[in-house]
Structure formats: structure tokens, C-alpha cells
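Each remark here refers to the structure printed beneath this line.
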Amino acid sequence: MSKMNKTIDPAVNYLLPLAKKAGLETAWDRYEAMQPQCGFGELGICCRICWKGPCRIDPFGNGPQRGVCGADAHTIVARNLSRMIVAGAAAHSEHGRHVALTLLEVGEGHAPAYQIKDEQKLRDIAEKLNLSPAGKDIKQVAKEVALASLEDFSRQKHSIPCNWAKETMSAERVDKLAKLGVMPHNIDAVITEIMGRTHVGCDADAVNVLLGGLKGALADYTGMYLSTELSDVLFGTPEPVVTAANLGVLKKDAVNIAVHGHNPLLSEIICDVALKMNEEAKKAGAKEGINIVGICCTGNEVMMRRGIPLATNYLSQELAIITGAVDAMVVDVQCIMPAITSLAECFHTQVITTMRENKITGATHIEFHEDSAFDSAKKIVEVAIDAFKRRDNRKVNIPDYKQTAIAGFSAEAIMAALSKVNAKDPLKPLIDNIVNGNIQGIALFAGCNNPQVTQDNNFITIAKELAKNNVLMLATGCGAGAFAKNGLMTQEATEAYAGDSLKAVLTAIGKAAGFNGPLPLVLHMGSCVDNTRAVKVAVAVADNLGVDLDKLPVVASAPEAMAEKAVAIGTWAVALGLPTHIGIVPQIMGSSVVAEFLTEKAKDLLGGYFIVETDPEKAADQLFTAIKERRKGLGI
Amino acid sequence: MVRVKENFFIYADPRKCLGCKNCELACAIAHADCDLQTAVTKGLQLQPRNLVVQVDDMVMPIQCRQCEDAPCALACPTGAIYQEDGFVKINEGNCIGCKVCTMVCPFGAISITKDINDNSNYRTKKAKARKCDLCFSRIQDNNEVSCACVEACPTKAIMLVDYESYRKKLIEERGKELVRAHTKTKV
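Shown next, in the form of C-alpha cells:
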């Protein structure tokens, strides 16, 4: 660890020595203190599902080969993995449920802080969900869409698949997944089913447990898809916007409010309210008023919809506090390190938790409810202004690093840009360029940061390598954060790193769409819940070509994955037919059956499969090989 | 006369040992010349040189104590086990797997195992004695004294003990106790 670089982010490299000098501990320090990490856990062969355990399987065959109940390494690894997947599904779909319930409230007129910002999209969704919206009042449509979405959480009939899963995939894929018995009928029920079937003494056949995991992953897909689409309805569908990223976006003379977590329901309202409270901040002495910055995926949400700059991504969230310039860090759900409150104690920073089910000891809790969202937001901004008055300017260290970043490439925005090239058939320019090889394929980067690798390095290394090979790249979540902070979401990056034919295509589309130059090298598609945006584009291409997703030269990569949500996303990417790379050795290697299923057998069953490769350059090679293999299959 | 320094040895504090067996894994890997993931994916059957044992409600990792008058070295008929540079060393090439060392070891710290990864058809099974060598092989590689089990222990229950400093500390502690007892009786 000590020999490895911690990060390639210059702002983090600037702050870490300062943190060390001040005795402030970060995730990297805790990671080092945790070394070496438990080998049984690394291999996934420790079972803690019942209290006869913990049971451990000896990976070398000398000691016990079965747990007390008789479960072997394969059963244990498969159960642990499936449980991780549904934890991810639970996190995403709780987020989705929250958004759907809010849309229902809006439809019923109970949530005054919210509006329907994209009526057309709502009508399109209603059309997709077969709700015949024509001629209906928009509020009525909102209600019907919300109810149809919530039905995906409540349907009891196993034979009817979730609306949002069935209507968003190619028909062939739906059919394939239904035949395997992994099409979800009800997100909640699937999560419950998998918790039940992995209980002691139930499903013990590793492959069957894994099929359960696939179903859980597709439930995750469903929850994510509806979450993204309904968020667009409420807050607007993102369009390209030029903004900035990295800690240099904090301002010395402003009340800095960092919104952190994943859910846009509160952060959007905070942005609305903060705009109106600028004068109060100025009265408190902040010459530049209020400066909102984003962290993690809440940051991505407000970045792509409002152009609010992104301060940093997951692994360096603590460094935002260490700048001493954040007056309030407002957090909602997911990926918030509990460490931030103890760090905040060393500064004036107020950490504010907002969700009843997500509190952190040491934080100020200001509970948020949809019906009184304005009041909560106002209170939060007041606390931030108040904290600003206590800021100790001697402790302020804002690193002078920020990069321009173009964000906001929703599926709709990509189609809009393409339609500037060909209005009648927007997909044609994309498909033509894939067919003639100007674009070799498409890679979707997703997922987290992980201290097991140099922060952001895997993302940047793989992207530069693929760019050279003319692969079009999309990114979400902390991957998008990594690209934004390190300058790969710029037109300059396209000039510098893209292969000639990719550069030509990006320039042609960019110029036609009014960018005065090429599109950025990596297209920012949103937060980690937004990966389904990329699926939307891929499905459109697949439908247009009349093939299933597993034939397309499309790959996915989570080179610094960490969260259970990432495990779920990766698994549904495989279920949809994509070769999916992970750059962290997953905790499944203790079972040859599970490892083989996910990296090989899945290919026959689903078309998609996992590629595990920790070396980013080799990973880029393998991803490109997968793309070439697909091209060969299509005869192009 | 040259003064002979007593051997280093590994000692575990049973009050801190949680029985997680991480030291066993680390030991097996340290003696295999590859990392955990590779060993497992390749299906190698690695051998730890230590063993976590449970006696009543105590858990304790057991490994070679590097005895000064080592019964194993005395009993070894081929001279495979011998004293050198402060270790009880073993030259596995000379070992014939006769098990005498395992019989005389007071700690049960030596085991005779065949290298299962060696699949060739031999006239003999080629099993060898395996014992803790204080990660001697690793010391040669990277020129640092670090024992894999000591590094791996999450509760720091396992220590590499330098006998001389250990004894000095012990004497000082006991001395302090005596002094305290003495001054107390005076009062």
C-alpha cells in the first residue's frame, strides 16, 4: 500500500500531506491500518448467515471443506454474492420508490415544492408503459405513471414481469430472461425472495442461487430505470452543460454548501432555495453569496441538470471537509462515509443528515419531507450561513485545481445531438460510424472508487487506451467524477487522446450540435443510478439493427468498484448481454463454480460475462478484444 | 569465547487471539511464492507452517519455538534439521519424511506433508517435514525481518520475540514488582 500512489487527483495530493500534518485521518489511513485484510473474506468463503457459524472453508483443502450445516465453498460464495446484489437492488429501488411516491404526490397535488418539469417525457413514459396518455390532464398522467411504477413494487403474480423491465429491453432479451426464470415481477418481492432463499437450509445449489442473484440484479435494473426516468420528469431531462469539477470549485468568499449522497429530491430544492437566500449569505459576510457544490452522485444529479460544479467523488469526500471551506455538508443516502462527522469536529463544518433512515452520530439532523421540502431546505441553508460566520479562515486550504467538464448527456441529449446530423433517423450517423469502423464500439464506465487501487487511475488509464482505439465512451457515477476531475470530459481531451476516426465523428456531431468543436472525450451520463440511460441508447441501437444486446460491440467497466450497488449493476449488465470488466478482484474467488459461472458459463446463457483484470492496461486490451469479437460476430 | 545469541521465536498472546486463522492463510501464502487469489484460482494446495488450536476456551496459534537444544535436530537421522544463524532450519531436500521430528517435538509444530501439487508418478510419496522458518525465505528475498503471521494478525496477538530483550523486560517487570512489595512492607 505505502508503495502505491494513493490517487492521481492533484487536489487530493495537495491536501493529504496537510491532513497528515494536522493529524487528520482519511480513508487511506484507515485502509492502511486494516492491512492485511482477511483472506477468508477476500475469497468470500466465510459464512455468517446463521449463528452456528461463523464457518470458514479452508481454500487449500487441508481443513474444513464444509460449514457446520454442510454448505460448501460454492454455496457460501454464491449466497454471499446474491445477498450483496439484493442489497444493491434495495438501495437503488428505495431511491426509485421515493421518487415515484413524490411523483404520485405531485399528481395528487400534495407536494408544492415539486413540479412536472418535463411533460413530454412523462407522456412518452406513459406511452411506453401502455397507459394511453393522449388527451389526459398531465397531473392525471403523472398519477397513472406513478401508480404503474409502484405496481412494480407490489404485483403478486409471478408470471407478469415488471413494467419497467419488460418495456425497456429488447423483446428477444425479455424472452431469454423470462425463459431462465430471472425476469423480476416485483422488486420488493424479489429482494425478499433472495433473502429467504439464502437463509440457512434453503437454496444450496450454487448455480440456482446465482440465478436468484441475476433476478435480484434485474430487480435492481428496474428500480434504477424508473428512478432515473421519473427524476427527469420532476427535475428536467439533462442537457449538455459546461461546468467545472474538483475541489478548486469551492470559494473562499462564499457560503459553501456541499450536497452529498444520491437522491435529488432534496438537493434540487436546496438549489432552488439557496438562489433566493443569496442576499442573506452576503449579509453574513460572504461576498459571493452561496456556492453550492456536489459530491458523489447527488453531485452528479445537480451537475447535469443545473451545471452545479462537482467538488469530488467518493474516496476523497473527506478532503472536502479538510479544505476547511465547506460550511455545510448536506447528505441524504448512500456512500456517505460516517467518518465525515468526526472530521467536521475539527472544523466549523456542519454535517446535516436529512433522511430518517440515514443518520450519522455527530451530525445535525434536519429531517426532510416532500410536503414541506421548502421549509427543510430553508432551515438547512440557514444553518450553513450560520456556520459560515464561525469559519476559521486560517484553516482554509482550497486547492487551486479545477477542470472544465461538460456534463448532461442523457439519452435524449445524445439523440438530440445526433438528430442535428440526421433529423429523420438520428441513430443512423451513430450506427453508420459503428458499421464503417470509425467508432469501434461503445464502453460504459460506472462505479465507485476503491482504496485498493490508485484513485481514478484505472478509469483514466483505460479511457486513454480505448480512446486511441476509437471507442466511444460514456460514464456515470464516481467514474464520471473521475473523468470530470481529471479533464477527460473536455473538447481538449478529444483533441489530445481520441483516435483519428473517433475524433472526426465527435467533431462532426459536436459541430452540428452547436458545440463549436468536438464532443467531449467521455460523455457524462449522470449519477450511478443513471446507468440505464446508456441501456436506453444501446437498446435503441439494437432495435434499429434488429439484433439483441449481446451482439453489439458494447462493453461495460467498473474498474474501481466497491459498493453492493456496483455489484448489482455489473450483474445486470452481464444479464443484458454485455462483457463487463471489474478492476477489483471480487470476493468470489473461493468458489471455482461461481467464478467459472460468472466469467465463462454466463456467456453461453446470457451473452454477457465478467472480465476480472486488475491491471488497467491489460483491462483496456481485453475490453477492446471483446469489442472486436462482437464486431466480427456482426460481420463488420 | 564467542557468545551465542538465543534464537528468535514466534509467540502468541492467547488473550488476544480471536482464532480467525488469518495467520494460517498468511503463512501458507508466504511459503508458496504466489498471492492468495492466484493460489486459489489455480487450485494450489498450500501448507501453513502454523496451526490455530483450541484447548478448552483458549485459542492459540502454535508453531516452531526454535528450541535451543532442539529435539528435532538431535533426532533427525539425515541432518535435515539443524541450527544456523539463530534459526532451527530445515533443508527439505535432505528430509526423508521419517516423522521422527514430529514425534519428539514437544509442541506438535512439525508436520509431514506431501506436495500435492506435484503430480508426477514417483517411487516414493516425497512427503517432507514442514515447520515454521520465521519466514526465512522471505527475509532473503526482501532483506527485512517480517513474519507473515505477525503481519497478518488483526489483533496483534502474534509477536516475533527476541529472547534477550524479552528476558530483560521480564526481569525489569519482576524487579519492579519486588521493589514495590519491598517498599510497601516498609510503610
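From first to last, the protein sequence lines stand for chains A and B. With full-length UniProt numbering applied, the first sequence corresponds to residues 1 to 636, in that order. With full-length UniProt numbering applied, the second sequence corresponds to residues 1 to 187, in that order. The beta-carbon is built from N, C-alpha and C at its ideal position, and this holds for glycine as well. Values in this document were obtained by computation on a predicted structure and should not be read as measured data.
Counterpart residues of V331(A) in DSSP-defined beta bridges: Position 331 of the first sequence holds residue 331(A). Bridge partners of V331(A): H260(A), T353(A).
Residue closest to L549(A), alpha-carbon to alpha-carbon, out of K176(A), I125(A), G212(A): Along the first sequence, read from residue 1 onward, the residue named residue 549(A) stands at position 549. L549(A) has its Cα closest to that of K176(A), out of K176(A), I125(A), G212(A).
Contact list for the segment 35-67 of chain B against chain A, Cβ threshold 8 Å: L36, Q37, A39, V40, T41, G43, L44, Q45, L46, Q47, P48
When I125(A), G135(A), D188(A) are compared against S154(A), the one with the closest alpha-carbon: On the first sequence, position 154 is the one that residue 154(A) refers to. Closest by alpha carbon: D188(A).
E92(B) at chain A interface by Cβ criterion, 8 Å: Sequence index remark: in the second sequence, residue 92(B) carries index 92 (1-based). By this cut-off, E92(B) is not an interface position.
Buried versus exposed call for T192(A) [16 or more other C-beta atoms within 10 Å across all chains shown]: Locating residue 192(A) in the first sequence gives position 192, where the first residue counts as 1. T192(A) should be labelled exposed.
Interface positions of the segment 615-631 of chain A facing chain B (Cβ-Cβ less than 7 Å), listed along the chain: none
Classification of S159(A) by the beta-carbon crowding that lies within 10 angstroms, buried from 16 upward: Indexing the first sequence from 1 puts residue 159(A) at position 159. S159(A) should be labelled exposed.
Any 3 or more C-beta pairs closer than 8 Å across the segment 42-60 of chain A and the segment 581-597 of chain A: yes
Exposure label - S2(A); buried when at least 16 CB within 10 Å: The sequence position of residue 2(A) within the first sequence is 2, counting from 1. Interpretation of S2(A) is limited by its pLDDT of 46, a score under 50 that renders its predicted location unreliable; the figure taken from the coordinates is listed afterwards. So S2(A) ends up on the exposed side.
Distance between R79(A) and K424(A) (C-alpha atoms, nearest Å): What you label residue 424(A) is simply residue 424 of the first sequence in a count that begins at 1. What you label residue 79(A) is simply residue 79 of the first sequence in a count that begins at 1. Whole-angstrom Cα-Cα distance: 49 Å.
Under 7 Å by beta carbon: chain A residues contacting C20(B): Stepping through the second sequence from its first residue, residue 20(B) is reached at position 20. In chain order: C38.
Between the CA atoms of K179(A) and V351(A) - distance to the nearest angstrom: Stepping through the first sequence from its first residue, residue 351(A) is reached at position 351. Stepping through the first sequence from its first residue, residue 179(A) is reached at position 179. If you take the alpha carbons of V351(A) and K179(A), they lie about 48 Å apart.
For C46(A), three-class secondary structure by DSSP: In the first sequence, residue 46(A) corresponds to position 46, counting from 1. In the structure shown, C46(A) sits in a strand (DSSP, three-state: E or B).
Residues that A152(B) contacts on chain A, provided the C-beta gap is smaller than 7 Å: Along the second sequence, one-based indexing puts residue 152(B) at 152. Near A152(B) (Cβ distances below 7 Å), the residues of chain A are P36.
Length of the line joining the Cα atoms of L265(A) and E151(B): By one-based count along the first sequence, residue 265(A) stands at place 265. By one-based count along the second sequence, residue 151(B) stands at place 151. Each residue's Cα considered, the two are about 46 Å apart.
Rounded straight-line distance, which links the Cα of D69(B) to that of P338(A): Indexing the first sequence from 1 puts residue 338(A) at position 338. Indexing the second sequence from 1 puts residue 69(B) at position 69. Roughly 54 Å separates the two Cα atoms.
Continuous beta strand (DSSP E) assignments of at least 3 residues falling wholly in the segment 294-347 of chain A: 310-312, 328-331
Residue-chain proximity (A28(B), chain A), Cβ-Cβ < 8 Å: Here residue 28(B) is taken as the residue at index 28 of the second sequence, counted from 1. It does: the Cβ of A28(B) has a partner Cβ on chain A nearer than 8 Å.
Buried or exposed by the 16-neighbour rule on C-beta atoms within 10 Å, applied to Q491(A): In the first sequence, residue 491(A) corresponds to position 491, counting from 1. So Q491(A) ends up on the buried side.
DSSP three-state assignment for T243(A), whether helix, strand or coil: Numbered from 1 along the first sequence, position 243 holds the residue referred to as residue 243(A). Strand at T243(A).
Test: L25(B) CB closer than 8 Å to a CB of chain A: Here residue 25(B) refers to the residue found at position 25 of the second sequence. Cβ-Cβ to chain A under 8 Å: yes for L25(B).
is_contact[A42(A), chain B] using C-beta, thresh 8 Å: As a position in the first sequence, residue 42(A) is number 42, starting the count at 1. Note on residue identity: the sequence assigns Glu, not Ala, to residue 42(A). Judged by the 8 Å Cβ criterion, E42(A) is in contact with chain B.
Identified DSSP bridge partners for G441(A): Within the first sequence, the letter at position 441 stands for residue 441(A). Its beta-bridge partners are V471(A).
Contact belief for P26(A) with E318(A) at Cβ below 8 Å, rounded distance in angstroms: Residue mapping note: residue 26(A) aligns to position 26 of the first sequence, counting from 1. Residue mapping note: residue 318(A) aligns to position 318 of the first sequence, counting from 1. Note that residue 26(A) is Thr in the sequence shown here, rather than Pro. Confirmed, about 5 Å.
In DSSP terms, what M58(B) is bridged to: In the second sequence, counting from the first residue as 1, residue 58(B) sits at position 58. Per DSSP, V55(B).
Proximity below 8 Å, CB of A446(A) to CB of T476(A): On the first sequence, position 446 is the one that residue 446(A) refers to. On the first sequence, position 476 is the one that residue 476(A) refers to. Taking 8 Å as the Cβ cut-off, A446(A) and T476(A) qualify as a contacting pair.
Best match in G181(A), L101(A), K464(A) for proximity to D152(A) [C-alpha to C-alpha]: Taking the first sequence and counting its residues from 1, the one referred to as residue 152(A) is at position 152. If we check each option's Cα against that of D152(A), L101(A) comes out closest.
Exposure of residue 212(B), with buried meaning 16 or more beta-carbon neighbours within 10 Å: Residue 212(B) lies beyond the residue range present for chain B, which begins at 1 and ends at 187; the question has no answer from this structure.
At least three beta-carbon pairs within less than 8 Å, the segment 607-616 of chain A to the segment 435-450 of chain A: no
Neighbouring residues, chain B, relative to M589(A) (Cβ below 7 Å): Your numbering for residue 589(A) matches position 589 in the first sequence. Simply Q37, V40, T41.
DSSP bridge partner residues for T580(A) (one or two, in chain order): Sequence index remark: in the first sequence, residue 580(A) carries index 580 (1-based). Answer is A556(A), F610(A), bridged to T580(A).
For R630(A), the three-state DSSP class (helix, strand or coil): Here the question's residue 630(A) lines up with position 630 in the first sequence. DSSP places R630(A) in helix when its eight states are reduced to three.
Any C-beta of chain B under 8 Å from that of R56(A): For this step, residue 56(A) is matched to residue 56 along the first sequence. Chain B contact via Cβ: present.
A12(B) - containing beta strand (DSSP E), residue span: Here residue 12(B) is taken as the residue at index 12 of the second sequence, counted from 1. Run containing A12(B): 9-12, per the beta strand (DSSP E) assignment.
For S2(A), three-class secondary structure by DSSP: For the purposes of this step, residue 2(A) is taken as residue 2 along the first sequence, with counting starting at 1. The predicted model places S2(A) with a pLDDT of 46, which falls under 50 and marks its position as unreliable; any figure quoted below should be read in that light. The answer is coil: DSSP assigns S2(A) none of H, G, I, E or B.
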